[in-house]
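Undergrad:
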Amino acid sequence: MSEASATAAPASPKVNLFDLDRAGLQRFFIGIGEKKYRAEQVMKWLYHQQVDRFDAMTDVGKALRTKLDACAELVLPKVMHEQQSADGTTKWVLALPGGNAIETVYIPETSRGTLCVSSQVGCSLNCSFCSTAKQGFNRNLSTSEIIGQVWIANQRLKALGRGERPITNVVMMGMGEPLLNFDNVVAAMDLMRDDFGFGLANKRVTLSTAGLVPMIDELSEKSDVSLAVSLHAPNDALRDQLVPLNKKYPIAELMAACNRYVAKRPRSSITFEYTLMKGVNDKPEYARALVKLLRRVPSKLNLIPFNPFPGTDYERSDPATIEAFKKIVMEAGLIATVRRTRGDDIDAACGQLVGQVLDRTRRSREHRARLEQGKVDAA
Ligand code: SAH
1142 MSEASATAAP
1152 ASPKVNLFDL
1162 DRAGLQRFFI
1172 GIGEKKYRAE
1182 QVMKWLYHQQ
1192 VDRFDAMTDV
1202 GKALRTKLDA
1212 CAELVLPKVM
1222 HEQQSADGTT
1232 KWVLALPGGN
1242 AIETVYIPET
1252 SRGTLCVSSQ
1262 VGCSLNCSFC
1272 STAKQGFNRN
1282 LSTSEIIGQV
1292 WIANQRLKAL
1302 GRGERPITNV
1312 VMMGMGEPLL
1322 NFDNVVAAMD
1332 LMRDDFGFGL
1342 ANKRVTLSTA
1352 GLVPMIDELS
1362 EKSDVSLAVS
1372 LHAPNDALRD
1382 QLVPLNKKYP
1392 IAELMAACNR
1402 YVAKRPRSSI
1412 TFEYTLMKGV
1422 NDKPEYARAL
1432 VKLLRRVPSK
1442 LNLIPFNPFP
1452 GTDYERSDPA
1462 TIEAFKKIVM
1472 EAGLIATVRR
1482 TRGDDIDAAC
1492 GQLVGQVLDR
1502 TRRSREHRAR
1512 LEQGKVDAA
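Reading the sequence shown from the start, the letters are residues 1142 to 1520 in the numbering used here.
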C-alpha cells in the first residue's frame, strides 16, 4: 500500500437527501451545523419545484450550497422506458444502480389519478397467481427509490400535459411487499403526505399487504394511511395455496389485526382485494363465506379480474361469474367494486409488473424452466 493511500482519510459517503423524510432532514441539517428550518426550505425545492440540483436552490446561500455539494447528493432512479396505453395508463420502467429495474404505473380516471408504486425489487412472498413472484427477489428499495417513483411520474406527467396535479392518490401496490420494507416505505409515505412533500391526504395513500400481521400493528403505530389487504380466499385451506404467507398468519389472525387497525381510526375501513380466478375462488359459496368473514370488519371489497401472464395456469373468471359474485356480496349489504382492468395492453395491470430483477432466489429459474417445458410440451 502506498504511503498516500494509507494516510488519506476515507471519504465519507454522501447522504442522498431523497432518502430522508422531514425529521431525517432536520437531523441532517443540525448534524452539519445548520438550522432546522433548512429541512423545509430544501423540501420545497425538492418536492414543490422538483429540482434535483443544489445550484438551482436560489434562496439557499452559496456557502451552504457548496457545503451541500460536498456532503450530500440528490439521486433518483433513471427512466429506462416510458409507455402509454390506449386508455391513458402510463408505465415507467426505472433503472436502479447495479442492473435492477422496477415498474411504476399511473392510472388516470375522471376524478382522480392514481400512481401504483413498487416497494421492493421483485417479491419474496411467492403468491401463486402473481407474475412479480415469478421474478424472484433481489432487495428492498431505498426511500429515495420509492419517493423517486412519485417524483419522476409527477414530473413526466406534467411534461406530458396531464395537468398541474396529475397524481391525487398513491397505492403501494406495485412490485413487492411493502410491510417487509417497513422503515423505507413509511418514510416515503410520510414524504408523500407531508405539506412540504407531495401533500397528499392521509386517506389518499394506501398500503397494500399480503397480510403481515405484526407489521400491520406496527404500521398502525407509526403511520396513518389507508390499508388494503390482499385476501383472495375466504378460508385458510384455499388461501394457503394462493398466498403462502397465510400459513404463518392465518385468516383469523389477519382479521383481528385489521380490526385493531380500524379501531384506531374512527370512520375508516379496510379495502380487501380479491383476485377472481376461474374455478379457483369464484364460486357462489366463496362469495357467501366472504360475506360472513367481512361482516366482522368495517370493509370494502375490491374484486380484481385475474390478469394473465406467460406461464400461468390460472384464468380470468367470466364476466357473468364476476357479476354474480359481486351481486351476492352487495345483496348482503357489503360495498363491492370490480376493478376495471387498465393498461393490460402494455402489461401494466395488477400482478403484471415484472421490472428487471437480478434474482437471488431460485424462483425465476424454476419459472423459466416451466415456460421452456411448456413450449416443448406444446410442440
Ligand atoms: N404485496 C402486496 C402489494 C402488491 S399489490 C400485496 O400483496 O397486497 C398487488 C395486488 O394485485 C395484490 O392484491 C395482488 O394480490 C394482486 N395481484 C397479483 N397478481 C395478480 C394478477 N395476476 N391478477 C390480478 N391481480 C393480481
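All C-beta atoms in this analysis are idealised placements derived from N, C-alpha and C, irrespective of residue type, glycine included.
Quantities reported herein were computed from a predicted structural model and do not represent experimental measurements.
(1) Locate the alpha helix (DSSP H) running through GLU1472, then write down its first and last residues.
(2) Just to confirm the assignment, what range does the alpha helix (DSSP H) spanning GLY1555 have?
(3) Helix, strand or coil: which one does DSSP assign to SER1371?
(4) Tell me whether the beta-carbon of VAL1326 lies closer than 8 Å to the beta-carbon of GLN1290.
(5) So does LEU1444 have its beta carbon nearer than 7 Å to some heavy atom of the ligand SAH?
(6) How would you write the range of the beta strand (DSSP E) that ARG1297 sits in, first residue to last?
(7) May I ask you to report which of helix, strand or coil DSSP gives ALA1145?
(8) Look at the alpha carbon of ARG1501 and the alpha carbon of GLY1202, and state the distance between them as a whole number of angstroms.
(9) Please indicate yes or no: does the CB of ALA1351 lie closer than 7 Å to some heavy atom of the ligand SAH?
(10) Check whether the Cβ of GLU1318 sits closer than 7 Å to any heavy atom of the ligand SAH, and report yes or no.
(11) Would you call the CB atoms of ASP1423 and SER1458 closer than 8 Å?
(12) Look up GLY1249 in the DSSP assignment and say whether it is helix, strand or coil.
(13) Whole angstroms is fine: what's the gap from SER1143's alpha carbon to PRO1154's?
(14) Pick out the complete alpha helix (DSSP H) segments inside the segment 1199-1270, 4 residues or longer, and give them in chain order.
(15) Have a look at ASP1160 and SER1283 and give me their C-alpha separation to the nearest angstrom.
(16) For ASP1358, which option in LYS1405, LYS1344 and LEU1341 has the closest C-alpha, if you only look at C-alpha atoms?
(17) Suppose only complete runs of 3+ residues qualify. What are the beta strand (DSSP E) ranges in the segment 1316-1379, listed by chain order?
(18) Taking C-alpha atoms, which residue in LYS1208, GLN1225, GLY1338 and ILE1287 lies nearest to ARG1297?
(19) In three-state terms, what does DSSP make of PHE1159?
TA: Reading from the atomic positions:
(1) For this step, residue 1472 is matched to residue 331 along the sequence shown. First-last of the alpha helix (DSSP H) with GLU1472: 1460-1472.
(2) Since the displayed the chain opens at 1142 and closes at 1520, residue 1555 lies outside it and no answer follows.
(3) Indexing the sequence shown from 1 puts residue 1371 at position 230. In the structure shown, SER1371 sits in a strand (DSSP, three-state: E or B).
(4) Working through the sequence shown from its first residue, we reach residue 1326 at position 185. Working through the sequence shown from its first residue, we reach residue 1290 at position 149. No, the Cβ-Cβ distance between VAL1326 and GLN1290 is not below 8 Å.
(5) Counted from its first residue, the sequence shown places residue 1444 at position 303. No, the Cβ of LEU1444 stays beyond 7 Å of every heavy atom of the ligand SAH.
(6) Along the sequence shown, read from residue 1 onward, the residue named residue 1297 stands at position 156. ARG1297 -> not in any beta strand (DSSP E); alpha helix (DSSP H) instead, spanning 1284-1300.
(7) Taking the first residue of the sequence shown as position 1, residue 1145 is located at position 4. Any reading at ALA1145 needs caution, since the residue's pLDDT is 46, under 50, leaving its predicted position unreliable; the model's value is listed next. In the structure shown, ALA1145 sits in a helix (DSSP, three-state: H, G or I).
(8) For the purposes of this step, residue 1501 is identified with residue 360 of the sequence shown, where counting begins at 1. For the purposes of this step, residue 1202 is identified with residue 61 of the sequence shown, where counting begins at 1. For ARG1501 and GLY1202, the gap between their C-alpha atoms comes out near 45 Å.
(9) Position 210 of the sequence shown holds residue 1351. Yes, the ligand SAH has a heavy atom inside 7 Å of this Cβ.
(10) Working through the sequence shown from its first residue, we reach residue 1318 at position 177. Yes, since a heavy atom of the ligand SAH falls inside the 7 Å radius drawn around the Cβ of GLU1318.
(11) Mapped onto the sequence shown, residue 1423 falls at position 282. Mapped onto the sequence shown, residue 1458 falls at position 317. Yes, these two residues count as a Cβ contact at 8 Å.
(12) Within the sequence shown, the letter at position 108 stands for residue 1249. Gly is not the amino acid found at residue 1249; the sequence shown has Pro there. DSSP, read as helix, strand or coil, puts PRO1249 in strand.
(13) Taking the first residue of the sequence shown as 1, we reach residue 1143 at position 2. Taking the first residue of the sequence shown as 1, we reach residue 1154 at position 13. With a pLDDT of 44 at SER1143, under the threshold of 50, the modelled position of this residue cannot be trusted; read the value that follows with caution. Their backbone Cα atoms lie some 22 Å apart in a straight line.
(14) 1203-1212
(15) Along the sequence shown, read from residue 1 onward, the residue named residue 1160 stands at position 19. Along the sequence shown, read from residue 1 onward, the residue named residue 1283 stands at position 142. Between ASP1160 and SER1283, the C-alpha separation is close to 7 Å.
(16) To locate residue 1358, count along the sequence shown from 1; it is residue 217. The option with the nearest alpha carbon to ASP1358 is LYS1405.
(17) 1346-1350 and 1367-1371, all fully within the segment 1316-1379.
(18) For the purposes of this step, residue 1297 is taken as the residue at position 156 of the sequence shown. Restricting attention to LYS1208, GLN1225, GLY1338 and ILE1287, the CA atom closest to the CA of ARG1297 is found in GLN1225.
(19) Stepping through the sequence shown from its first residue, residue 1159 is reached at position 18. If DSSP states are grouped into helix, strand and coil, PHE1159 belongs with the helices.
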